[in-house]
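Count along the sequence shown starting at 1, add 963, and that's the number in the working numbering.
From the three backbone atoms N, C-alpha and C, an ideal C-beta is built for every residue, glycine too.
What you are looking at is a predicted structure, and each value in this text was computed from that prediction instead of being measured.
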Amino acid sequence: MRRKNQKSLLALLLIMIVSLFAVISGCSGEEKNVKSAGESQETKDKEEKVVRIGYQKYGTLNILKKQGTLDKALKSHGYSVEWIQFPAGPQLLEGLNVGSIDIGHTGEAPPIFAQAAGTDLVYIGHEPESPLSEAILVPKDSPIRTVQDLKGKKVALNKGSNVHYLLVKALEKAGLTINDIEPKYLVPGDARAAFEQGSVDAWVIWDPFFAVAETETGARVLADGKDLVKNREFYLASRKFAENHKEVIDLLLEEINKIDQWAKSAPKEVAELLSPELGIDVASLEKAAKRRTYGVQKISEQVLNDQQVIADTFHQLKLIPEKINVKEAALEETNN
964 MRRKNQKSLL ALLLIMIVSL FAVISGCSGE EKNVKSAGES QETKDKEEKV VRIGYQKYGT
1024 LNILKKQGTL DKALKSHGYS VEWIQFPAGP QLLEGLNVGS IDIGHTGEAP PIFAQAAGTD
1084 LVYIGHEPES PLSEAILVPK DSPIRTVQDL KGKKVALNKG SNVHYLLVKA LEKAGLTIND
1144 IEPKYLVPGD ARAAFEQGSV DAWVIWDPFF AVAETETGAR VLADGKDLVK NREFYLASRK
1204 FAENHKEVID LLLEEINKID QWAKSAPKEV AELLSPELGI DVASLEKAAK RRTYGVQKIS
1264 EQVLNDQQVI ADTFHQLKLI PEKINVKEAA LEETNN
């Protein structure tokens, strides 16, 4: 009888030991899960504190990057900045579309093409009109004298960029269409080479490449944007980033405005500041700085309407497949 009781006690003890181990193991697993979740959230928070800014070779963002004032301002709010350079606006907005950047700047046309392609972007600000900062160029000894003379000629341009619209409007004024020329879609570096080698008859380009071509090759202006286009520079962001990081957007525009106020009266200083970083001579950069305008502004109803006109033009020319509503790319506060 005693042996039977001993066996029962032993069995009960074993059950208690197993149960205790199960409880300890469960608690340990729960602690690991909580720790893992905490680490995951901490990693996510750190990732969300990086602001990735896309920029091109020239513009207020270049000055801002060089001065380092935005980096300092954002650091005080717990953010770090990653600067990523792109050859032109269309490529920059493709970066925005795939999520490699959060904020960037382009001319008028790229956001229209990007919106038509499904990029969920929003307009967050813009610089004033600078129609003299882009032009159709021909070699200094070219027999081409008027825009009408471009009929049947090879014209280099960056597809979907601001100068695409300039070319359309210039041809329209001359009684021609894009179908009357032979467009060669090239990024600025390749277009410059083709222009100098005589592979194309004309080049539609913006500053500072425009100024460099004048300074170094003696390129002649066939037509600039005056009385044809407004040529605004826009600041854009992914919708998700703009809605979730309003403080960053506000701080960015505040710092851009400070730089603009300095730059508008200091073209030579701007040129000297940017020359080493851009690898462009001071004379060319000063020429470009003098013909652009500064003073960041909020997006207005009129600006959105102007963008809609450009979008409708591209749709009529079948350059974008479907009609878009530009106001869908405005922040909610803009529409209110």
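Comparing alpha carbon positions, the residue from Val1192, Val1101, Glu1159, Ala1246 closest to Gly1070 is Val1192. When Ser1247, Phe1158, His1068 are compared, the shortest CA-CA separation from Glu1232 is found for Ser1247. With contacts defined as CB atoms closer than 7 Å, Trp1166 and Leu1100 qualify as a contacting pair. Close CB contacts of Arg1183 within its chain, under the 8 Å cut and outside five residues either way in sequence, are with Leu1100, Val1101, Pro1102, Lys1103, Ser1105 (chain order). Considering only Ile1087, Gly1017, Pro1230, Gly1058, the residue with the shortest C-alpha distance to Glu1291 is Ile1087. Separation of the CB atoms of Ile1262 and Ala1079 is rounded to 19 Å, and the pair is thereby denied contact status at 8 Å. By the beta-carbon neighbour count (other beta carbons within 10 angstroms, threshold 16), Ser1096 is buried. Using a 10 angstroms sphere on the CB of Arg1108, the tally of other CB atoms stays under 16, which defines it as exposed. With fewer than 16 other Cβ atoms inside 10 Å of its own Cβ, Lys1281 counts as exposed. 7 Å or more divides the Cβ of Leu1149 from the Cβ of Lys1114.
Listed in chain order, the non-local C-beta contacts of Trp1046 below 7 Å within the same chain comprise Ile1016, Tyr1018, Lys1028, local neighbours out to five positions each way being set aside.
Looking from the CA of Val1014, the closest CA among Thr1023, Gly1022, Ala1036 belongs to Ala1036.
Annotation: the continuous beta strand (DSSP E) that includes Lys1117 extends over 1117-1120.
If you draw a straight line from the Cα of Pro1146 to the Cα of Ile1026, it is about 33 Å long. Counting C-beta pairs closer than 8 Å gives fewer than three between the segment 1126-1135 and the segment 1149-1159, which falls short of the contact rule. Residue environment analysis places Gln1279 among the exposed positions, since fewer than 16 neighbouring C-beta atoms fall within 10 angstroms of its C-beta. Where Phe1049 is concerned, there is no enclosing beta strand (DSSP E), because DSSP gives it neither an H nor an E. Residue range 1145-1148 is occupied by the beta strand (DSSP E) that includes Lys1147. The segment 1141-1186 contains, as complete beta strand (DSSP E) runs of 3+ residues, the segments 1145-1148, 1165-1169 (chain order). Where Leu1134 is concerned, the enclosing alpha helix (DSSP H) starts and stops at 1125-1136. Assigned with DSSP and collapsed to three states, Gly1058 falls in helix. In the structure shown, Val1245 falls within a helical segment according to DSSP collapsed to helix, strand and coil.
For Leu1100, DSSP records a beta bridge to Trp1166, Val1184. For the pair Tyr1257 and Gln1048, the Cα-to-Cα distance works out to about 21 Å. When DSSP states are grouped into helix, strand and coil, Val1259 belongs to the coil group. When the beta-carbon positions are compared, Leu1056 and Pro1073 come within less than 7 Å of each other.
Arg1255 and Ser1093 have their C-alpha atoms roughly 5 Å apart.
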